[in-house]
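Here's the structure, in structure tokens; my notes come after.
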Amino acid sequence: MKLQFKVQQYQTDSVNAVVDVFDGQPKYDGISYRVDPGNVRSGMAPLYADSGLRNAEIALNDAQLLANVQKVQRTGNLPLSTSLKGSKAAPHAPNLDVEMETGTGKTYVYIKTIMELHKRYGWSKYIIVVPSIAIREGVKKTFDVTADHFQQWYGTKPRSFIYNSSQLHELERFSSDAGVQVMIINIQAFNATGKDNRRIYDVLDDFQSRKPIDVIAANRPIVIIDEPQKIGAEKSLKALSNFNGLMMLRYSATHKVEHTKVYRLDALDAYNQKLVKKIAVRGITVKGLAGSTAYLYLDAIEISKGALPRARMEIEVQTKTGIKRQVKRVEKGTNLHDLSNGLEAYRPDGKSLVVVDIDANRDIIELSNGDIVFAGQLAGRDVTEDTKRRIQIREVIRAHLDKERELFSQGIKVLSLFFIDEVAKYRDYLQKDTLGEYARIFEEEYAPIRDEVLGELAVDDATAAYQTYLRRDPIRKIHEGYFSIDKRTKHQVNGKVSGRGDDKGESIDTDAYDLILKNKERLLSFDEPVRFIFSHSALREGWDNPNVFVMGMLKKSNNTVSRRQEIGRGLRLAVDQRGERMDEATVGARVQDINELTVVTDESYTDFVDGLQKEISESLAARPRKASVSYFKGKTIQTSTGESVVEEHLARAIYNYLTRNDYIDDDGHITTAYKDAKIEGALAVPTSDVLRPVVDFIWPLVDSLYIDVPKPGDDRKPKKIPLNEANFGRKEFQILWGRINHKAVYEVAFDSSELIRKAISHMDKHLNVASMQYVVQAGE
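Residue numbering for the sequence shown follows the working numbering, beginning at -7 and increasing consecutively.
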């Protein structure tokens, strides 16, 4: 299959935000110059005076650039810059920041920005600097898969290559060839002290006695920095300055150091605009049962048509070959001691543990000893890491099959991703079948769960294709590991991981990325058996796949890796078998019903969600939170007649309106009164003649002041009872439904004074308080 790329407005806005900064710049098709020929060896053709094409200088002065920047910032409702901020990487050149949330396509955006800058101004030489090999390989892959798309739009496509100190002939082409030339380089390639890394600064015999850095710098390239927050060390910034960049463009979801911000699409914007998947969490909580050492894991509460709720629970069972853990379905009244075949752990204090209640609304069971156990809670004397990992694997399989049942008929292939710490957990070459611990657990758990799902599916044409898909491939074929390959043994191995610098803890093994990126499109096809991916946790950045719907974190906790980083591999909106993106334009209001990422973690739901919300909130720190006249003044609103700038008199009218109606508090923060009134459609009508004609267009400015970070859903909670279509369509049911489906409101009004008066009168008549008496009793 082939991924389809759409022109999306938010991406176009991001491109224009950069390109419009240089409005008024004349277009040059490259300035000819003489590439330094070095010492031309015998038999080589000499380089002539017009052998190179470099970028033309920026013709606009600082005042013109600043005016353009402020115009762009007004359009995007960003704080206005009072000057152009430089950096140590480019002290005398424009330094522009573009903020885009992970999963919204920032690599696509800066490639399109390159094409637009070339189209409008003729600039053709670009360097993309990335913090790691992981991101470098992902960027190159994006150039490859978007090449035809940009060819269709621009009649040309960028020529991209990865800088390699042993392939310096690429620099000759970069300098001399016409058209868009893009060099991709990771910061370590010219920032580290190793021999190969230093070659870029050395006079090289195999490069006609020239320094590669001098040949690059002569082109006055436009430098694009991907994830600049990871390239902030003094040494890195100094190294970047050697490129002699015409300008610096920085793209990231989280800018630690801000320069001149021209576009913002943060985590909240991306979620609210339905540009990324929403998140659901399956957590695991460890608890102790009162007075018991029983092992017990409550997987889920099940409800179905015409039946009482049942619980799916894992307990220990005495078998002929010893004590085994088995998943059982229990009902209200189930005796766990009997179900375990008499294990004493399920009879604390001589009384059998019995399920006394199953509550599907709260997702709990209540036991006879008074304990309440929530879905996802794990109890027992022997709760080890291995136990939790097995449960995680099982939960990933269940979540995967739940999503697969839902999306298969819509032509969307579901992928699940396991992050693990070492290859041996997946591939163990000392075992006859080469399966590692996690792969073996996966195969043990997958088979019964798949068979269970097959047993639940109706035998009809609607599900026949999916049942065939479930049965089609052997279990060994549906999972695969993406790791480095040892060239001698052809075995999967732990790849090299950086131990220092900006990319500490990340894989520096090109082969591993090459493998997983090459198969990116193939993995999206139903024809490819692989549905479950095992990958090294060091591969957490630089690649993603839009159809990752479930993630299992089978690795040790690492506080240096944020939850946002971890889930970033699965945030992109999914595609179908035609490569069509399942966004709002394609599927309408169902976009986030289809696009939901389930994260299976060994943390509790509360801990994971609280941590994730905190990280997102911290990333939104730069967003204004207080209403004021100065906040509204200069902002841009989209009215029915076009774009309009808020002047001071209108800004004051907006502020006064919010104050008068208690929509802001004394500190300028938005109140719940505003939020509630907006939800109910009951916002006060403004009295100001200035505000009244445009009031409907100012709400986005007000809304952006309150930051309501969405809370990821609890993936265990939603319980859906399937609709019986046959019964729902019957005439008798429709008549009944017509009688009972009306909403009813029962109101009781009390007169407080009357209530108090009658209460006093009643107590006076009927309240009898006996006198206190002392009673002495004698007895033996």
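Glycine included, C-beta positions come from ideal geometry on N, C-alpha and C. The structure presented is a predicted model; accordingly, all values stated were derived computationally and were not measured.
Buried or exposed by the 16-neighbour rule on C-beta atoms within 10 Å, applied to residue i
| i | result |
| --- | --- |
| residue 729 | exposed |
| residue 173 | buried |
| residue 341 | exposed |
| residue 582 | exposed |
| residue 619 | buried |
| residue 677 | exposed |
| residue -4 | exposed |
| residue 267 | buried |
| residue 443 | exposed |
| residue 109 | buried |
| residue 462 | buried |
| residue 336 | exposed |
| residue 254 | buried |
| residue 415 | buried |
| residue 128 | buried |
| residue 734 | exposed |
| residue 755 | exposed |
| residue 96 | buried |
| residue 141 | buried |
| residue 19 | exposed |
| residue 343 | exposed |
| residue 117 | buried |
| residue 132 | buried |
| residue 369 | buried |
| residue 333 | exposed |
| residue 386 | buried |
| residue 159 | exposed |
Start-to-end residues for the alpha helix (DSSP H) that takes in residue i
| i | result |
| --- | --- |
| residue 437 | 429 to 448 |
| residue 389 | 377 to 399 |
| residue 130 | 125 to 146 |
| residue 3 | 1 to 11 |
| residue 162 | 161 to 168 |
| residue 651 | 640 to 652 |
| residue 748 | 744 to 758 |
| residue 672 | 664 to 672 |
| residue 622 | 621 to 624 |
| residue 183 | 180 to 183 |
Residue range of the unbroken beta strand (DSSP E) whose run includes residue i
| i | result |
| --- | --- |
| residue 410 | 407 to 412 |
| residue 635 | 634 to 637 |
| residue 371 | 369 to 371 |
| residue 151 | 151 to 154 |
| residue 92 | 87 to 92 |
| residue 524 | 524 to 528 |
| residue 725 | Careful: residue 725 lies outside any beta strand (DSSP E), inside the alpha helix (DSSP H) at 723 to 732. |
| residue 46 | 44 to 46 |
| residue 628 | 628 to 631 |
| residue 358 | 356 to 359 |
| residue 365 | 364 to 366 |
| residue 25 | 23 to 25 |
Residues that DSSP places opposite residue i in a beta bridge
| i | result |
| --- | --- |
| residue 72 | For residue 72, which the question treats as bridged, DSSP gives no partner whatsoever. |
| residue 118 | 174 and 214 |
| residue 200 | DSSP lists no partner for residue 200. |
| residue 471 | 524 |
| residue 543 | 409 and 591 |
| residue 657 | Its beta-bridge partners do not exist; DSSP assigns none. |
C-beta neighbour in chain B for residue i, strict 8 Å
| i | result |
| --- | --- |
| residue 424 | Considering every chain present, this structure includes no chain B. It has just one protein chain. |
Near the ligand HEM: residue i beta-carbon under 7 Å from a heavy atom
| i | result |
| --- | --- |
| residue 14 | No copy of the ligand HEM appears in this structure; indeed no ligand is present at all. |
Continuous beta strand (DSSP E) assignments of at least 3 residues falling wholly in the region 229 to 270 | Listed in chain order, the beta strand (DSSP E) runs fully inside the region 229 to 270 are 239 to 244 and 252 to 257, counting runs of at least 3 residues.
Please confirm if the region 644 to 662 is in contact with the region 693 to 707, defined as three or more CB-CB distances below 8 Å between the two stretches.
-> Short answer: they touch.
Touching or not, the region 429 to 444 and the region 467 to 476, by the rule of three or more beta carbon pairs under 8 Å?
-> Inter-segment contact for the region 429 to 444 and the region 467 to 476 is present: three or more beta-carbon pairs are separated by less than 8 Å.
Touch check for the region 379 to 391 and the region 324 to 334: three-plus C-beta pairs under 8 Å?
-> Three or more beta-carbon pairs separated by less than 8 Å are not found between the region 379 to 391 and the region 324 to 334, which leaves the two stretches without contact.
Start-end ranges of the beta strand (DSSP E) lying completely within the region 276 to 353, minimum 3 residues = The qualifying runs are 277 to 279, 288 to 294, 302 to 311, 314 to 322 and 347 to 351.
Flag this pair as touching only if the region 595 to 605 and the region 639 to 659 have three or more C-beta atom pairs under 8 Å; answer yes or no.
-> Look at the beta carbons and you see the region 595 to 605 not touching the region 639 to 659: under three pairs across the two are nearer than 8 Å.
May I have a chain-ordered list of the beta strand (DSSP E) segments no shorter than 3 residues that lie completely inside the region 546 to 611?
-> Taking only runs of at least 3 residues, the beta strand (DSSP E) segments lying wholly in the region 546 to 611 are 588 to 592.
On the three-pair Cβ rule with 8 Å, is the region 1 to 19 touching the region 45 to 63?
-> Enough Cβ pairs lie closer than 8 Å, so yes.
Three or more C-beta pairs closer than 8 Å, one from the region 574 to 593 and one from the region 621 to 638: is that the case here?
-> No: the two stretches stay apart, fewer than three of their Cβ pairs being nearer than 8 Å.
Inter-stretch contact at 8 Å, needing at least 3 Cβ pairs: the region 609 to 619 / the region 292 to 308 | Touching, no.
Can you find at least 3 beta carbon pairs, one from the region 206 to 218 and one from the region 163 to 172, that sit closer than 8 Å?
-> At 8 Å Cβ cutoff, the stretches touch.
On the three-pair Cβ rule with 8 Å, is the region 237 to 256 touching the region 211 to 223?
-> The region 237 to 256, when compared against the region 211 to 223, does touch it at the 8 Å Cβ threshold.
Validate contact between the region 552 to 569 and the region 77 to 96 using beta carbons, cut 8 Å, 3 pairs | Yes, the region 552 to 569 is in contact with the region 77 to 96.
The region 303 to 320 contacting the region 625 to 634, beta-carbon criterion three pairs below 8 Å = Inter-segment contact for the region 303 to 320 and the region 625 to 634 is absent: fewer than three beta-carbon pairs are separated by less than 8 Å.
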